[in-house]
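Residue numbers (the numbering used here): 7 to 288.
A quick write-up on the structure given underneath.
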Amino acid sequence: MNPASVAFDNQTVNTTSPPSTVTLTNTGSAAEPVSARMNGFNFADFAQTNNCPPVIAAGASCTFSITFKPTATGGRIGYLVIDGNRDEEGIVSLTGTGIAAPPSGCSPTGGTHLPTMAPNSVALAPDPTGKYGKFAYVANRYADCLSMYTIDSATGALTSIGTIPTGSRPISVAVDPSRKFVYVVNVGSNDVSTYSVDTTTGTLTSTGTIAAGSGPASVAVDPSGKFAYVANGSDVAMYTISDTAGGLASIGTIAAGAGLFLSRSPSTHPADSSMWRGLRTL
């Protein structure tokens, strides 16, 4: 079994995680029957589908797609058990943590401290001179929305101008150099949400979504505003940007190492920044 264990990300109670894949390979010299079942303390919180035949040939492989849907908060434990000619010929350890659902919506409630729901990334839209930020956008991973703010140019204080829905688990946000468009990577739905910016008020309007690869983690726009790049789990997806509407069109992918994170040079656009899992990029 590869991998021998799967650790799911934190998951809101009674919602289903993105699937994780496990591969079963018959390394023996003869065909074997295949039977799968769940076991463990919280086995009901995990589910699987597979493309395995009833009998798998020697040297052949098949895959299991496993999801996590916690029924309670806290750590959850289960096992995917594969029975063949003998019981428990393959065991995959499954772990995850159930978390409480966030409050309905994610709009700040006022005050000097503006709350968000598990914020993962922030990006700034500069004023026309590029000297300071005019608007700020925060991706709220577990609320599936983007918080929008205006920035006081004298004090830097933020004022909420509302929220807008994203895809599942927004994790990275970027503003194009013209400050007309915003792009949000959604790791839960493996896609990119696109928005147009009202350059007077800073509010966003959804203009659609486009597919990313598996496990997208960050998005960056080149300084010319012509291209966008999304770091996936093992490759980089490349897009052209429409001059008028800001929509993305895929121009392919290129392989790269695991654990990618895209960044921009501070010399090209000092006002645009993003943060992801403690990493700050400019």
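Ideal placement from N, C-alpha and C gives every residue a C-beta, glycine not left out.
Quantities reported herein were computed from a predicted structural model and do not represent experimental measurements.
Exercise for review: Measure the Cβ-Cβ separation of N56 and F70 and say whether it is below 8 Å.
Suggested key: Yes, these two residues count as a Cβ contact at 8 Å.
Point to revise | Beta-ladder partner(s) of F233, from DSSP | key: T246
Review point. So what's A149 in DSSP terms, helix, strand or just coil?
Key: coil
Point to revise | A277, buried or exposed, once every other Cβ within 10 Å from all chains shown has been counted against 16 | key: Residue placement at A277 is poorly supported in this model, since its pLDDT is 38, which falls under 50; the coordinates still yield a value, given next. With 16 or more other Cβ atoms within 10 Å, it is buried.
**Study point:** Cβ neighbours of G81 in the same chain (closer than 6 Å, five flanking residues each side left out)
**Key:** T103
Practice item. For G96, write down the residues that DSSP places opposite it in a beta bridge. Key: I88
Exercise for review: Apply the 10 Å Cβ neighbour rule to D150 and answer buried if 16 or more other Cβ atoms are within range, or exposed otherwise.
Suggested key: buried
**Study point:** Best match in V193, V225, K186, A180 for proximity to D204 [C-alpha to C-alpha]
**Key:** For the residues V193, V225, K186, A180, the minimum Cα distance to D204 belongs to K186.
Check your understanding: Is the region 213-228 touching the region 190-205 in the sense that three or more CB pairs, one from each, lie closer than 8 Å?
Key -> yes
**Study point:** Three-way DSSP call (helix, strand, coil) for F70 in this model
**Key:** strand
Practice item. Report yes if the C-beta distance between S166 and S153 is below 8 Å; otherwise report no. Key: In contact: S166 and S153 (Cβ atoms closer than 8 Å).
Check your understanding: Would you say G208 and G253 are within 8 Å of each other, going by their C-beta atoms?
Key -> For G208 and G253, no; Cβs fall outside 8 Å.
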